[in-house]
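**Q**
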Amino acid sequence: MKLQFLTQILDAKAHDLHKTLKVKFNDEIGRDVGGISREWFQIISKALQNPIFCLFKFSSDNNTFQIDPSSYKNPNHLRYFKFAGRIFGMVIFFYVKNIKALFHSAFVDGMLNLNLLKRILSRPI
């Protein structure tokens with residue numbers, strides 16, 4: 003991932019991540035009224051699951067994702083995990099914050115497995 007948005011998300015202050023997301027693709031003309039943001043979340047979530055990055059892999063149920071144990075092979079894995087955490091946080095925040103943002107959660111491609119979600123939420127596994 004060598005895209006401008008990666009640095010923007012990583013460098014953003016927490017309160018900025020709570021603001022309305024405005025996405026603009028370089029090759030598209032138009033105003034983002036939801037469709038472009040949905041597409042962006044979907045593209046990002048698919049990229050995070052790409053085996054090239056060694057971040058996530060399918061769990062044994064083949065329906066959810068878990069952290070790839072070989073993620074250490076990617077020299078930028080901690081940076082990418084921080085980015086992924088911010089993306090998941092944005093999805094959860096928008097989902098909880100208002101009903102309009104329900105579409106964000108619907109367009110994140112794939113789900114994390116239950117054990118990983120419990121770990122993130124500091125719940126017993």
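So for the sequence shown, this note's numbering puts the first residue at 3; every next one is plus one.
Beta carbons: idealized from backbone N, C-alpha and C, even for Gly.
Note that the structure is predicted; figures quoted are calculated from it, not measured.
#1: Do Ser73 and Cys56 have their CB atoms nearer than 8 Å?
#2: Under 8 Å, with one C-beta from each stretch per pair, do the region 40 to 48 and the region 62 to 76 reach the 3-pair mark?
#3: Taking all protein chains shown into account, decide if Ala16 is buried (16 or more other Cβ within 10 angstroms of its Cβ) or exposed.
#4: For the putative contact between Phe83 and Asn115, defined by C-beta atoms under 8 Å, what is the C-beta separation to the nearest angstrom?
#5: So for Leu132, helix, strand or coil by DSSP?
#6: Excluding the five sequence neighbours on either side, which residues of its own chain have a C-beta within less than 7 Å of the C-beta of Leu8, listed in chain order?
#7: Once you ignore the five residues that flank Gln6 on each side, which residues in its own chain have a CB closer than 6 Å to its CB?
#8: When burial is assigned at 16 or more other CB atoms within 10 Å of the CB, is Ile127 buried or exposed?
#9: In the DSSP output, what is Ile69 paired with across the bridge?
#10: Give a yes or no on whether the C-beta atoms belonging to Leu12 and Met92 are separated by under 8 Å.
#11: Which value, in whole angstroms, describes the spacing of the CA atoms of Asn76 and Ile94?
**A** In terms of the structure at hand:
#1: Position 71 of the sequence shown, counting from 1, holds the residue named residue 73. Position 54 of the sequence shown, counting from 1, holds the residue named residue 56. Cβ atoms of Ser73 and Cys56: closer than 8 Å.
#2: No, the region 40 to 48 does not touch the region 62 to 76.
#3: For the purposes of this step, residue 16 is taken as residue 14 along the sequence shown, with counting starting at 1. A residue is called buried once 16 or more other Cβ atoms fall within 10 Å of its Cβ, and Ala16, having fewer, is exposed.
#4: Reading the sequence shown from its first residue, position 81 is the one you call residue 83. Reading the sequence shown from its first residue, position 113 is the one you call residue 115. The beta carbons of Phe83 and Asn115 sit about 15 Å from each other, so the pair does not count as a contact at 8 Å.
#5: Outside the shown range of the chain (3 to 127) lies residue 132, about which nothing can therefore be said.
#6: Taking the first residue of the sequence shown as position 1, residue 8 is located at position 6. Contacts found: Phe85.
#7: Translated into positions along the sequence shown, residue 6 becomes position 4. Short of 6 Å from the beta carbon of Gln6, and not among the five residues preceding or following it, lies no beta carbon of its own chain.
#8: The residue labelled residue 127 in the question sits at position 125 within the sequence shown. Per the 10 Å Cβ criterion, exposed.
#9: Mapped onto the sequence shown, residue 69 falls at position 67. Beta-bridge partners of Ile69 (DSSP): Phe58.
#10: Here residue 12 refers to the residue found at position 10 when the sequence shown is read from its first residue. Here residue 92 refers to the residue found at position 90 when the sequence shown is read from its first residue. Their beta carbons are not under 8 Å apart, which means Leu12 does not touch Met92 by this criterion.
#11: Here residue 76 is taken as the residue at index 74 of the sequence shown, counted from 1. Here residue 94 is taken as the residue at index 92 of the sequence shown, counted from 1. Using only the alpha carbons, I get a separation of about 26 Å.
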